[in-house]
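Since the structure comes first, as structure tokens, the remarks are kept for the end.
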Amino acid sequence: MSAFQGTRMNPSKFHKSQLKFLAFLIPLAIFMALPIVYIFFHAFKPIDELFAYPPRFFVDNPTLQNFVDLFTKTNDTGVPMSRFLFNSVVVTLIVVVLTVIISTMAGYALSKKNFKMKKAIFEINTLALMFVPAAVMIPRYLLIDELGLINTFLVHILPLLAMPIGLFLVKQFIDQIPDELLEAARLDGASDFQIFVRIIIPLVKPAIATIAILSFQLVWNSVESSSLYVNDEGLKTFSFYMSTLTSTVAGNNVAGQGLAAAASLIMFVPNLIIFIILQSQVMNTMAHSGIK
Numbered sequence: 060m061s062a063f064q065g066t067r068m069n070p071s072k073f074h075k076s077q078l079k080f081l082a083f084l085i086p087l088a089i090f091m092a093l094p095i096v097y098i099f100f101h102a103f104k105p106i107d108e109l110f111a112y113p114p115r116f117f118v119d120n121p122t123l124q125n126f127v128d129l130f131t132k133t134n135d136t137g138v139p140m141s142r143f144l145f146n147s148v149v150v151t152l153i154v155v156v157l158t159v160i161i162s163t164m165a166g167y168a169l170s171k172k173n174f175k176m177k178k179a180i181f182e183i184n185t186l187a188l189m190f191v192p193a194a195v196m197i198p199r200y201l202l203i204d205e206l207g208l209i210n211t212f213l214v215h216i217l218p219l220l221a222m223p224i225g226l227f228l229v230k231q232f233i234d235q236i237p238d239e240l241l242e243a244a245r246l247d248g249a250s251d252f253q254i255f256v257r258i259i260i261p262l263v264k265p266a267i268a269t270i271a272i273l274s275f276q277l278v279w280n281s282v283e284s285s286s287l288y289v290n291d292e293g294l295k296t297f298s299f300y301m302s303t304l305t306s307t308v309a310g311n312n313v314a315g316q317g318l319a320a321a322a323s324l325i326m327f328v329p330n331l332i333i334f335i336i337l338q339s340q341v342m343n344t345m346a347h348s349g350i351k
């Protein structure tokens, strides 16, 4: 069964009628890409170009010294940068996979199954979308403390598995799948698990791609768990390490700018890659269309 294609917002072939749109969109795209280009050039600038006045957009004498220094420096406790990067990669992979699994399974149950408090659970999930992280920071800390997760590796993972926007997107997507399609599969002898894997998952791939991007950005860029819940330096993540580069690691703001520039590029590139790979699926999700 083919994947859920939405409305195919991106045209499949070029037509001369698109020229009037391209004349506006291409300059706009170039303008919006300038910060991305600047991040790449900035990471390869030597220290004298980082502080040049007026600031330079392009790099004159590119160097890899910023990256060499970043990988060789350690913080005050002697923990190398590679440890923080390893923690971030492991945590991100685990959270993204588990978030996708939990959101799709819960969305299927809330959309196509009947059980007590079904509507109440979905309303609670929708209500959770209204709360900004700062509003639940204290209750979350108290709950994590009661569960004994303080200063453990799991504290990076468990609090981020609850993703209301992911459940909401998947549930709304699955609502559009005809019940007759699932009934036909049951008449053919398919179990709930087979229906979920062979029908639901292929049809909601755009929503899954969107959840993957959102959860990736949430955990990859998060400094909250390392700042509030972890005291062991060996358990902290790369995003937290990056926030300390200009002072704690390098010793002063001037020397730390090169490290921060290199770290910023490392933080940015995975976000760019995952969005480029999955952006077409995200467009279909935002179109919020039915099955063709």
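First residue of the sequence shown: 60, per the numbering used here; consecutive thereafter.
No residue lacks a Cβ here, since even glycine has one placed at the ideal position from N, Cα and C.
Pull up the CB-CB distance for residue i and residue j, whole angstroms please, since I reckon it's below 8 angstroms.
i	j	result
L219	L144	Rounded, the Cβ-Cβ distance is 18 angstroms, inconsistent with contact.
L228	I270	7 angstroms
S170	D234	5 angstroms
L273	I224	6 angstroms
F275	I333	6 angstroms
Give every residue of the same chain whose Cβ lies closer than 7 angstroms to the Cβ of residue i, excluding the five residues on either side of it in the sequence, and list them in chain order.
i	result
I216	V150, I153, V154
V118	F100, F103, K104, E108
A165	L226
V159	I267, I270, A271
D128	G317, L318
R115	E108
V138	E292, G293
A322	L129, M301, L304
S285	K295, T296, F299
Starting from residue i, trace the alpha helix (DSSP H) in both directions and tell me its first and last residue.
i	result
A271	264 to 279
T163	140 to 171
A102	78 to 102
E292	No alpha helix (DSSP H) contains E292, which DSSP labels as neither H nor E.
K178	177 to 187
S300	At residue 300 the sequence reads Tyr, which differs from the Ser that was named. 297 to 302 is the extent of the alpha helix (DSSP H) around Y300.
R245	238 to 246
L287	283 to 287
F252	251 to 254
Determine the direct distance from the alpha carbon of residue j to that of residue i, and round the result to whole angstroms.
i	j	result
K132	M140	7 angstroms
A309	Y97	Here A309 scores only 48 on pLDDT, less than 50, and its place in the model should not be relied on; the value that follows carries that caveat. Roughly 23 angstroms separates the two Cα atoms.
A193	R245	45 angstroms
I336	P329	11 angstroms
E283	I95	25 angstroms
N173	L202	30 angstroms
F190	K177	21 angstroms
I84	H74	Checking the sequence shown, residue 84 turns out to be Leu, not Ile. L84 and H74: Cα-Cα distance of roughly 15 angstroms.
I209	F327	28 angstroms
V188	A111	The residue asked about is misnamed: residue 188 is Leu in this sequence, not Val. Distance between the alpha carbons of L188 and A111 is about 44 angstroms.
S147	S298	8 angstroms
E242	K264	21 angstroms
S281	R199	15 angstroms
K79	N125	43 angstroms
I325	A221	27 angstroms
K230	T185	11 angstroms
G315	I106	10 angstroms
F90	L81	14 angstroms
P213	P121	The question names Pro, yet the displayed sequence has Leu at residue 213. C-alpha separation (whole angstroms): 40 angstroms.
Q253	D247	11 angstroms
Helix, strand or coil: how does DSSP classify residue i here?
i	result
P192	helix
V118	coil
A221	coil
N125	helix
Q235	coil
G65	The predicted position of G65 is uncertain, since its pLDDT is 43 and thus under 50; a value taken from the coordinates is nonetheless stated next. In the structure shown, G65 sits in coil (DSSP, three-state: anything other than H, G, I, E or B).
I336	helix
K230	helix
Y112	coil
S348	With a pLDDT of 42 at S348, under the threshold of 50, the modelled position of this residue cannot be trusted; read the value that follows with caution. Residue state, collapsed to three classes: coil.
K72	coil
L208	coil
F174	coil
A309	The predicted position of A309 is uncertain, since its pLDDT is 48 and thus under 50; a value taken from the coordinates is nonetheless stated next. Three-state result, A309: coil.
Using a Cβ-Cβ cutoff of less than 8 angstroms, which residues in the same chain neighbour residue i once the five nearest sequence positions on both sides are dropped?
i	result
G349	Caution is warranted here: a pLDDT of 42 is assigned to G349, below 50, making its placement in the model unreliable, and the coordinate value is therefore given only provisionally. Q235.
E239	none
Excluding the five sequence neighbours on either side, which residues of its own chain have a C-beta within less than 6 angstroms of the C-beta of residue i, listed in chain order?
i	result
F255	Y167
W279	T151
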